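Colleague: There's a structure below that I have some questions on.
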Amino acid sequence: MGRMRWIDTLEDAAAEKLPEAVHRYFRQGSAGGVSVAEATSAWSAYRFRPHVLNDVSTVDLSTTVLGTPVDAPILVAPSTMQRMADPDGELAMARGVGAAKSVVGVSSNAGTSFADLGATGVPWWLQIYIVRNREITVQMLDAAVEAGARAVVLTVDTPVVGRKEDDGETVWDVAQPGQFLANLPVGEWTDDDLAKADDLTPDVIGWLAERSGLPVVVKGVLRGDDAKRCADAGAAGIIVSNHGGRQLDGSIATAQALPEVAEAVAGSNLEVYVDGGIRRGEHVLAALALGARAVFVGRPALWALTVGSSDGVTRLLTDLGTELDHTLRLVGVSTPSSLTPDLVAH
Ligand code: FNR
1 MGRMRWIDTL EDAAAEKLPE AVHRYFRQGS AGGVSVAEAT SAWSAYRFRP
51 HVLNDVSTVD LSTTVLGTPV DAPILVAPST MQRMADPDGE LAMARGVGAA
101 KSVVGVSSNA GTSFADLGAT GVPWWLQIYI VRNREITVQM LDAAVEAGAR
151 AVVLTVDTPV VGRKEDDGET VWDVAQPGQF LANLPVGEWT DDDLAKADDL
201 TPDVIGWLAE RSGLPVVVKG VLRGDDAKRC ADAGAAGIIV SNHGGRQLDG
251 SIATAQALPE VAEAVAGSNL EVYVDGGIRR GEHVLAALAL GARAVFVGRP
301 ALWALTVGSS DGVTRLLTDL GTELDHTLRL VGVSTPSSLT PDLVAH
């Protein structure tokens, strides 16, 4: 019997440490769970058309994302409730990401203050939801800018929060105050103030860019025409994402959506990223070949944080990088930027 791949052991090992409601919250999708179930198999469905007789003795995975150098095009997606995975939560996540010389997305619902995150010196991107009371969004944005966020990731797939069909205790029953929403501005906010804005249009991209002075990355795009609208409105990047299957259930797999999106914005300066179900070097390679500049991983980083704190997160990123390096050699390509769509069979 061979040894099990470490990444494949993570979720079960995390499940042993986490309260049942938290494990379910991390892993679940919305509604019937169709999109979450399909995400990884959609990447595995691609086939490669490798080159042979190319010199692959030197492979270099390093690249930049919005100008920030990274050791490999594998970044960590923003997610909530990281203090349920590790007492140091987002801080431990950021330190682990920093040791792998990558970039971390930080949720606007994070349980760690932006100032503490900024003090780590690890490059981080603020993920933001625009809520109905714009004053809340503005104050959060200003605090993140002050703390050195390098980009604003605007999540646009959440005009309303996806329906989770929980049976029994939920994460909200077990979470302690302080484990999330550490950056909510002080104030007497009502549920309506805090509800997601459902009237957003592309002009919000320019508003965010102007207010923050930072590049804006739009997260949750699944169509070429919408990607074009984001580009025209001044976005610096987009993340092809269905929120890990946690918003519209039955939304197209990101593996399927990526080629159309990449084609729609080819030739513009927009950087295209993708997330959802990416678990192996082969998946990363397919994403890069189909037009992504980098990928984000969500749940695997939560499992790695639970199991091994910062070191676990570093190991996850370096293991995926090692697999990507190996796979690049097998398709006969030396750098991510030399990957082309013809390497993937449709
Ligand atoms: C998320 N995701 C998410 N996205 C976002 O924009 N803001 C957020 O606060 C959160 N929170 C969150 C919590 C949990 C528990 C999960 C699993 C995910 C979505 C995340 O950024 C990313 O899009 C997906 O997780 C990517 O899919 P995989 O890699 O988890 O399959």
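In terms of full-length UniProt numbering, the sequence shown has 83 at position 83, counting the first letter as 1, and numbering is strictly consecutive. Each residue gets a CB set at the ideal place from its N, CA and C atoms; glycine is no exception. Computed from a predicted model, the values in this text were never measured in an experiment.
Tell me the residue span of the alpha helix (DSSP H) that contains T318.
Modeller: T318 -> alpha helix (DSSP H) spans R299 to V331.
Colleague: Can you check whether the CB of L61 is closer than 8 Å to the CB of D325?
Modeller: Yes, the pair counts as a contact, with Cβ atoms nearer than the cut-off.
Colleague: Out of V171, D191, A144 and M93, which one is the CA nearest neighbour of R132?
Modeller: Minimum Cα distance to R132 is reached at D191.
Colleague: Can we count residue 358 as close to ligand 1, meaning its CB is less than 7 Å from some heavy atom?
Modeller: No answer is possible for residue 358: the residues shown for the chain start at 1 and end at 346.
Colleague: Could you compute how far the alpha carbon of V331 sits from the alpha carbon of G67?
Modeller: So the alpha carbons of these two residues sit roughly 27 Å apart.
Colleague: Is it buried or exposed for R47, if we count other Cβ within 10 angstroms and need 16 for buried?
Modeller: R47 is exposed by the Cβ-count criterion.
Colleague: Using 10 angstroms around the beta-carbon of D342, count the other beta-carbons present and answer buried if the total reaches 16, otherwise exposed.
Modeller: Answer is exposed; the Cβ neighbour count stays below 16.
Colleague: In this structure, how does DSSP classify K196 when only helix, strand and coil are distinguished?
Modeller: K196: strand per DSSP, three-state reduction.
Colleague: Can you find the residues in the same chain that come closer than 8 Å, C-beta to C-beta, to S334, ignoring five residues on each side of it along the sequence?
Modeller: Here the set comprises N54, D55, V56, T58, V59, D60 and L328.
Colleague: When the Cα atoms are used, what is the spatial distance from D226 to A147?
Modeller: One C-alpha to the other measures close to 31 Å.
Colleague: Decide if D319 is buried, meaning its Cβ has at least 16 other Cβ atoms within 10 Å, or exposed.
Modeller: By the 10 Å Cβ count, D319 comes out buried.
Colleague: For G224, collect the residues of the same chain with a Cβ closer than 8 Å to its Cβ; drop the 5 residues on either side in sequence, then sort them by chain order.
Modeller: Hits under 8 Å: E260, V261, E263, A264 and V265.
Colleague: Sort out for me which residues DSSP pairs E271 with in a bridge.
Modeller: Its beta-bridge partners are G237.
Colleague: Is K219 helix, strand or coil by DSSP?
Modeller: Looking at K219 - three-state DSSP - the assignment turns out to be strand.
Colleague: Around the Cβ of G250, are there at least 16 other Cβ atoms within 10 angstroms (buried) or fewer (exposed)?
Modeller: Under this definition G250 is an exposed residue.
Colleague: Cβ-heavy atom distance between V297 and ligand 1 below 7 Å?
Modeller: Yes, ligand 1 has a heavy atom inside 7 Å of this Cβ.
Colleague: Does P69 come out as helix, strand or coil in the three-state DSSP assignment?
Modeller: Three-state DSSP puts P69 in a strand.
Colleague: Check whether the Cβ of D8 sits closer than 7 Å to any heavy atom of ligand 1, and report yes or no.
Modeller: Incorrect: D8 has no Cβ contact closer than 7 Å to ligand 1.
Colleague: Classify Q82 as helix, strand or coil using the three-state DSSP reduction.
Modeller: Note: Q82 maps to helix in three-state DSSP.
Colleague: Closer than 8 Å is the cut-off here; do at least three beta carbon pairs connect the stretch 172-188 with the stretch 149-157?
Modeller: Touching, no, given that fewer than three Cβ pairs across the two stretches are closer than 8 Å.
Colleague: How about the stretch 89-100 and the stretch 306-319: do they share at least three Cβ pairs that are nearer than 8 Å?
Modeller: Counting Cβ pairs under 8 Å, three or more are found: they touch.
Colleague: Going by the CB atoms, is the gap between V284 and residue 351 shorter than 8 Å?
Modeller: Past the edges of the chain, shown from 1 to 346, lies residue 351, and the structure says nothing about it.
Colleague: One question on the structure: do R293 and A304 come within less than 8 Å of each other, judged by their Cβ atoms?
Modeller: Their beta carbons are not under 8 Å apart, which means R293 does not touch A304 by this criterion.
Colleague: Looking at the secondary structure, which residues open and close the alpha helix (DSSP H) in which V139 lies?
Modeller: Position check: residue 139 holds Gln in this sequence, whereas Val was assumed. First-last of the alpha helix (DSSP H) with Q139: R134 to E146.
Colleague: Just how far apart, CA to CA, sit I130 and V216?
Modeller: Using only the alpha carbons, I get a separation of about 13 Å.
Colleague: Could you check if P123 is buried or exposed, using at least 16 other CB atoms within 10 Å of its CB as the buried criterion?
Modeller: Under this definition P123 is a buried residue.
Colleague: Would you kindly work out how many angstroms separate the C-alpha atoms of R83 and P50, rounded to a whole number?
Modeller: Near 42 Å, if we compare the C-alpha coordinates of P50 and R83.
Colleague: My understanding is that A31 touches R134, with C-beta atoms under 8 Å, so please give their C-beta distance in whole angstroms.
Modeller: Contact flag wrong, Cβ pair sits at about 30 Å.
Colleague: Report the three-state DSSP secondary structure of F114 (helix, strand or coil).
Modeller: F114 falls in the helix class under three-state DSSP.
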